[in-house]
Structures are given as structure tokens and as C-alpha cells.
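Asks: Sharing a structure below in C-alpha cells format, with a few things to ask.
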Amino acid sequence: MDILTPKTHKDKVPLVEGIRAGFPSPAEDYVEPTLDLNRYVIKNPASTFYARITGDSMVGDDIHDGDIVVIDKSLEPGDGNIAVCFIDGEFTLKRIKVEKERLLLMPANPKFKPIEITEENHFVVWGIVTYIIKELKGT
Amino acid sequence: MYGLADCNNFFVSCERVFRPDLNGRPVIILSNNDGCVISRSNEAKRIGIKMGQPFYQLKQTIRRYDVTVFSSNYILYGDMSKRVQMTLQSLVPATEVYSIDESFLDLRGIELSKLDDLGHHVSYVVQRNTGIPISVGIAPTKTLAKIASKLCKQYPKLKGSCYMHRSEDIEKVLKKFPIEDVWGIGRRFSAMLQSRSIRTAYDFTQMPMSLVQSLMHVGGVKTWRELRGEPCVEFEEQGRDKQQITVSRSFSKELSDVRDIQQQVALFTSMAAEKLRKQGSVCHDVIVFMFTNRHREDKPQQFVNRLVRLPVSTDSTLELVNVATRTTEELVQAPYEYKKAGVILSDITPKSAVQTVLFDEVDHEKQDRLMRAMDAINKKQGARSVVVASAGFDGVKMNREHLSPNYTSEWGDILVVKG
Chain A
353 MDILTPKTHK DKVPLVEGIR AGFPSPAEDY VEPTLDLNRY VIKNPASTFY
403 ARITGDSMVG DDIHDGDIVV IDKSLEPGDG NIAVCFIDGE FTLKRIKVEK
453 ERLLLMPANP KFKPIEITEE NHFVVWGIVT YIIKELKGT
Chain B
90 MYGLADCNNF FVSCERVFRP DLNGRPVIIL SNNDGCVISR SNEAKRIGIK
140 MGQPFYQLKQ TIRRYDVTVF SSNYILYGDM SKRVQMTLQS LVPATEVYSI
190 DESFLDLRGI ELSKLDDLGH HVSYVVQRNT GIPISVGIAP TKTLAKIASK
240 LCKQYPKLKG SCYMHRSEDI EKVLKKFPIE DVWGIGRRFS AMLQSRSIRT
290 AYDFTQMPMS LVQSLMHVGG VKTWRELRGE PCVEFEEQGR DKQQITVSRS
340 FSKELSDVRD IQQQVALFTS MAAEKLRKQG SVCHDVIVFM FTNRHREDKP
390 QQFVNRLVRL PVSTDSTLEL VNVATRTTEE LVQAPYEYKK AGVILSDITP
440 KSAVQTVLFD EVDHEKQDRL MRAMDAINKK QGARSVVVAS AGFDGVKMNR
490 EHLSPNYTSE WGDILVVKG
């Protein structure tokens, strides 16, 4: 079966702009903008960043090697959030767990141990993960 | 009341957002061509590295103190600047973007008792949301707000915001504030004032107005009044005009010939200049950048960018294309094959506000007439009936050995996090 796809010209530089010709479409006034994934995924453009994930410590939360996470730095971190953290010179992705006096970074893979944050650690929550972007295999 | 929000060591801070390991360490940013220092972390200032110091003089210091060095990455800094500006706009009634790392805040009409908290809130939210540390100064005039924000940088105890309003406090601050650091004084006037034993901002406020008027004319009197708490420099709220105009495209195939790339860049520049004229603005800075194809791992990779500051702000396609094509020639290097290029027009102001320079080498009036004619023809005959033929110049090859990734504008460059 042949599948015909329209040629896209996204790599071409548009040399001609603003061609005005023909009778204006009567539907013109009713056109709504096409759904924009950015607007769905990004609530706060000024504080949204992306990161690519390597490793498999979070596979239980369905975050795999090669996935891209959407990070919103404007959100205050809380118990249960998945966060990009910076600990002792390294970025790591973990789930935040707050227990009475303790702060833990929880992996989602039995092969990894929870990390307890103590006063000795250089530790910051860099941003909270809001979405995961993954490409499905075989597409 | 007026506020000034000034990003701390902005270029260094932009790099540190994505490299938190560099917090607390000496970091410097180099100018175009890795020539001299244009931004320093506090740690770099402390070991004696000076603003504008040539890079070659620093080799020993860098080794001795393990200083981290970056080439300037204006794509990244421009994006982070936009984020800071957006955040500020969401926090105060109105802002006026003054430069890539400074914005004035219009706080008129806000209850005075709330200003101290507001200043700290602005400082906290900008740092949390963008990662950029910022110093907020709040005072009765713009000139005093600038001084207040400088105090924040000197005194970490103020926690990022300083609300300076009681006249006895202001007097105390001005008595210690060097006259040469006052906004609008400049090198020439500060030398003249110092020769008259005017050393601090306070000394200056004690001069009779008539003397200031005769020595420094209207500008000097404005500064004198502002330091005495009388607002004279109007708040210029930005309308809808864009602060930056970017035109960039991928090429249909990789280009390595300078002429081919220049032609594309000339086209992008013409498009950007047209947008600039449409909104009735002029720009002071032109940034040209280009990338190789990230997906061709078999080929050498490069990202280059350069900012050129024009002597006088302009909206002329001819002038802008001239600068952009010349810069392109300096940026393009063998054996790289470029996939994408772009032009950013920056430091944009309304055309009506352009100050003329005494020895302006360009006949701007003539250029204006030509541009009006060109726009008119293009409007009538279809876009780009009339374009400029790009010119070539001999240029030097650029060094940009320490460039950071484009964390916010290239998918191949985003942060990598261990999961």
C-alpha cells in the first residue's frame, strides 16, 4: 500500500511572504488556532526547561533512558514530586519523599537504593518534572 | 516609587543555571573572539580579575585558581534574559527593559508599607523560576533605585532587595557612594567633579543647582535632582514593540561556502530589518549565529555566534546587512558545514528616541529615504522585489573555544540528567 504524505517545506526559507490574492474565505473569521502542544505542556514558559534522561533508576515510574522530561522551576517541591535534583556535583532524577525529620530521594527500581539527604550533602531541587516525552518504539 | 531589578553577574549566572557545580567557584565569560573578560563571578573578582582584562594576561591566574572560562553565548543569554523579563512582568504593574540584565519596575501606586516585601518577593521568585540571582533596588527615583540595587550586591544581608526611602537613610548611603558610580555621570564628568573635590554622590547633591547647570547642563541637573529624591527620568513603559527580533532558518542542505551562507544571512537580516521598521524601532546590536548539523555525527560540529554593537542605532537594511554579512564571513570556518543560521536584532528602542552622534559616519537621513522607497516598492510589487546585494569583506577567523551548549534552544544541547 502506498501512503502519500504531503511534502513539507520546513527546511526551505520562505522567499515570498504575504501573497494577497483571490476572494477571502468566508470561514476566515471563525478560524481557531490549531491545538498547540506547547500550550498544553507548558504552563509557565519563563520557568520551563527540558532535560534528557540517561540510566534506568526511574523505570518503575515509566521514565526510561532517552526520555525527555519537562521541568517547571516555578513549582515549590513537595512530598511525592519527581524532581531534577543537583546533589554533590551531579544532576539526578528521583522522587522526593519527606518523612518527619528526613528527606529522601527515592529511585523507582529495586536495583537502586534511596538516597538520604543530610547536612553534609550539597543539595538543591533544580526543578519539578511535569511531563515525560517519550518516543514509542517501532514508530 | 521606582524599582531597578539588576541580574547579578548575568552572563556567569546564565552559565551557572545549567552548571550548579560552578557555584562558589571563579568563573569568567570572554568577549567575542575570546578577547577579554566581560562578566565575572564574585570569586573571580576576589582573585583580582578585572573587567575588560585581556584573556592572554590571565593564563597563569586561571591555572592557579582553576578558573572556569566560557566564550560568550548570546543565544543562551538572550533566552534567559527573556525569561527574567517575563517573570518580572508577572510580578509588578509595569516594567521597562533597560538592558539585557536590567529592568526598571514601575511601583507607583503600590502601598509604601508593602514595598519591602514586594522587593524580596520579586528577588525570590525570579531566582526560583529562572535560576538567575537578582538585586532589586527600590527608591523614590530611578537614579536612587540603581544605587539601592548596587547596595544589595555589596551586602548579602539585604537578601536581594533594598528599599531605600527615608531621607536620613538615603543621605547616609550617598555619603559613601562614589560619584563615578552614579547613573548618568560618566567618566568625563566624574573626572571634572573630582577635580573640584566632589567625591561622593552626597557631595554632588550639595552643589548649588546653578553651578551644576553651568558645568553639566540639563543632564547633570536631572541627575542632581534625582539624587535629591525628585523624579526626573520618566518611566518608559514598553508597548507591544518587540525587544528582540529574530529571524533564523535551517538551510535545505548543508552549506560551507562563505558566499552561500552570506546570502542567506543577508536575507534573514533584510526580513528582520523590515519587521524592525514596521514597528518604528531601531536596534543597536546585531547578533549572527550559525550551527552545523547535530545529526551528522560523522562530521565536525560547531556552533558560533557573535554580537556586533553599532556606533549608532539603525533600522537601515543596508547597514544591518553590511554588518551581518561581514560578521558571517568572520564566523564561517572550514571544514564545517552549516545547517542553520540566524540573525537577532537587539537593544531595540523607538526610532524617535535615537540620539544623534556628532561624528556619525552614516548619512541616516539619506538611508531613511532609501529604506522608505524600498519598503514601498516591496509592498507594491511583492515582498523582496528590491533587495540588497550582500557585500564581502576580509575578516579574521574567530576563536570560541569555550562555548557552552544551547541548553534552551537546541534539542541536542538540553541538560542531561541521570535517572
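As they're listed, the protein sequences go chains A and B.
Numbering-wise, the first sequence is residues 353 to 491 according to this note's numbering.
Numbering-wise, the second sequence is residues 90 to 508 according to this note's numbering.
Beta carbons are placed, not taken as given, at the ideal position from N, Cα and C, and that holds for glycine.
Span of the alpha helix (DSSP H) holding M281(B)?
Replies: That run of the alpha helix (DSSP H) goes G275 to S284.
Asks: For M410(A), decide whether its Cβ has a neighbour in chain B, counting only Cβ atoms nearer than 7 Å.
Replies: So, interface residue.
Asks: Where does K364(B) fall in DSSP's three states?
Replies: Three-state result, K364(B): helix.
Asks: Give me the subset of the stretch 455-476 of chain A whose CB atoms are less than 8 Å from a CB atom of chain B, sorted by chain position.
Replies: Those residues of the stretch 455-476 of chain A that come within reach of chain B (Cβ to Cβ, closer than 8 Å) are V476.
Asks: Note down the Cα distance separating G369(B) from D457(B), rounded to an integer number of angstroms.
Replies: Cα to Cα, G369(B) sits roughly 12 Å from D457(B).
Asks: Applying the 10 Å Cβ sphere with the 16-neighbour rule, what's the burial state of A280(B)?
Replies: It is exposed - the Cβ of A280(B) has fewer than 16 other Cβ atoms within 10 Å.
Asks: Determine the extent of the beta strand (DSSP E) in which E442(A) is found, giving its start and end residues.
Replies: Segment E442 to E451, the beta strand (DSSP E) holding E442(A).
Asks: Taking a contact to mean a Cβ-Cβ separation below 7 Å, would you say G198(B) touches V225(B) in this structure?
Replies: No, they are not a contact pair.
Asks: How close, in whole Å, do the beta carbons of L427(A) and I434(A) come, if the pair is a contact with beta carbons under 8 Å?
Replies: With a Cβ gap of about 11 Å, L427(A) and I434(A) do not count as contacting.
Asks: Taking C-beta to C-beta, are L247(B) and A290(B) nearer than 7 Å?
Replies: Their beta carbons are not under 7 Å apart, which means L247(B) does not touch A290(B) by this criterion.
Asks: In chain order, what are the residue ranges of uninterrupted alpha helix (DSSP H) at least 4 long that sit wholly in the stretch 218-302 of chain B?
Replies: You should have 231-243, 256-265, 275-284 and 290-294.
Asks: Hey, how far is the Cα of F438(A) from the Cα of D387(B)?
Replies: Roughly 33 Å between the two C-alpha positions.
Asks: CA-CA distance, L282(B) and G479(A)?
Replies: Each residue's Cα considered, the two are about 50 Å apart.
Asks: Can you tell me which of the three DSSP states T416(B) falls into?
Replies: Looking at T416(B) - three-state DSSP - the assignment turns out to be helix.
Asks: With 7 Å as the threshold, decide whether the Cβ of M175(B) is near any Cβ in chain A.
Replies: Yes, contact with chain A.
Asks: Quick one: grab the DSSP three-state call for T386(A).
Replies: Three-state DSSP puts T386(A) in coil, outside helix and strand.
Asks: Rounded to the nearest angstrom, how far is the Cβ of S493(B) from that of L165(B), given a contact under 8 Å?
Replies: That belief holds up - the Cβ atoms of S493(B) and L165(B) are roughly 7 Å apart, short of 8 Å.
Asks: Provide the residue span of the alpha helix (DSSP H) that contains A133(B), from first to last.
Replies: Segment N131 to R135, the alpha helix (DSSP H) holding A133(B).
Asks: Taking only runs of the alpha helix (DSSP H) that begin and end inside the stretch 117-170 of chain B, which ones reach a length of at least 4 residues, in chain order?
Replies: With a minimum length of 4 residues, the continuous alpha helix (DSSP H) runs that stay inside the stretch 117-170 of chain B are 131-135 and 148-154.
Asks: Is the shortest distance between the beta-carbon of I268(B) and the beta-carbons of chain A less than 7 Å?
Replies: For I268(B), the answer is no, since every Cβ of chain A falls outside 7 Å of its Cβ.
Asks: Could you tell me whether the Cβ of D363(A) comes closer than 7 Å to any Cβ of chain B?
Replies: Its pLDDT being 45, under 50, D363(A) is placed unreliably by the model, and the measurement read from it follows with that caveat. Closer than 7 Å to some Cβ of chain B, the Cβ of D363(A) qualifies, so yes.
Asks: For I287(B), which residues from the same chain have a beta carbon less than 8 Å from its beta carbon, with the 5 sequence-adjacent residues on both sides left out?
Replies: Excluding sequence neighbours, I287(B) sits near I268, F293 and M296.
Asks: Please check if any C-beta of chain A sits within less than 7 Å of the C-beta of V101(B).
Replies: Chain A, which has no Cβ nearer than 7 Å to the Cβ of V101(B), makes this no.
Asks: Quick one: residues in its chain with C-beta nearer than 6 Å to the C-beta of F99(B), no 5 flanking neighbours on either side, listed in chain order?
Replies: Only D190 meet the Cβ criterion.
Asks: Can you give the beta carbon distance from A362(B) to T414(B), rounded, assuming they're within the 8 Å contact cut?
Replies: The pair is not a contact, with the Cβ atoms about 13 Å apart (cut-off 8 Å).
Asks: Measuring straight from C-alpha to C-alpha, what distance separates K465(A) and L456(A)?
Replies: Cα to Cα, K465(A) sits roughly 10 Å from L456(A).
Asks: Which residue marks the beginning of the alpha helix (DSSP H) containing F513(B), and which one marks its end?
Replies: Outside the shown range of chain B, which is 90 to 508, sits residue 513(B), and nothing can be said about it.
Asks: Report the neighbours of V436(A) on chain B: residues whose CB is nearer than 9 Å to its CB, in chain order.
Replies: Neighbours of V436(A) on chain B, chain order: L504 and V506.
Asks: By how many angstroms is the C-alpha of T497(B) removed from the C-alpha of P389(B)?
Replies: Their backbone Cα atoms lie some 22 Å apart in a straight line.
Asks: By DSSP, does S415(A) sit in helix, in strand, or in coil?
Replies: In the sequence as displayed, the identity of residue 415(A) is Ile instead of Ser. Here I415(A) sits in coil by DSSP.
Asks: Taking Cβ to Cβ, would you say K428(B) is nearer than 7 Å to S337(B)?
Replies: Not closer than 7 Å, so no.
Asks: Among R129(B), R395(B), S299(B) and R383(B), which one has its Cα closest to the Cα of E104(B)?
Replies: For E104(B), the nearest C-alpha among the options comes from R129(B).
Asks: Distance cutoff 7 Å, beta carbons only. Does Y402(A) sit that close to anything in chain B?
Replies: Yes, because at least one Cβ of chain B sits closer than 7 Å to the Cβ of Y402(A).
Asks: From the DSSP output, which residues share a beta bridge with L93(B)?
Replies: Note: L93(B) sits in a beta bridge opposite F193(B) and G226(B).
Asks: Going by the beta-carbon positions, is the gap between V375(B) and V412(B) smaller than 7 Å?
Replies: Yes, they are a contact pair.
Asks: Could you work out which residue in V214(B), R366(B) and T219(B) is closest to A465(B) when comparing CA atoms only?
Replies: Closest option to A465(B), Cα to Cα, is R366(B).
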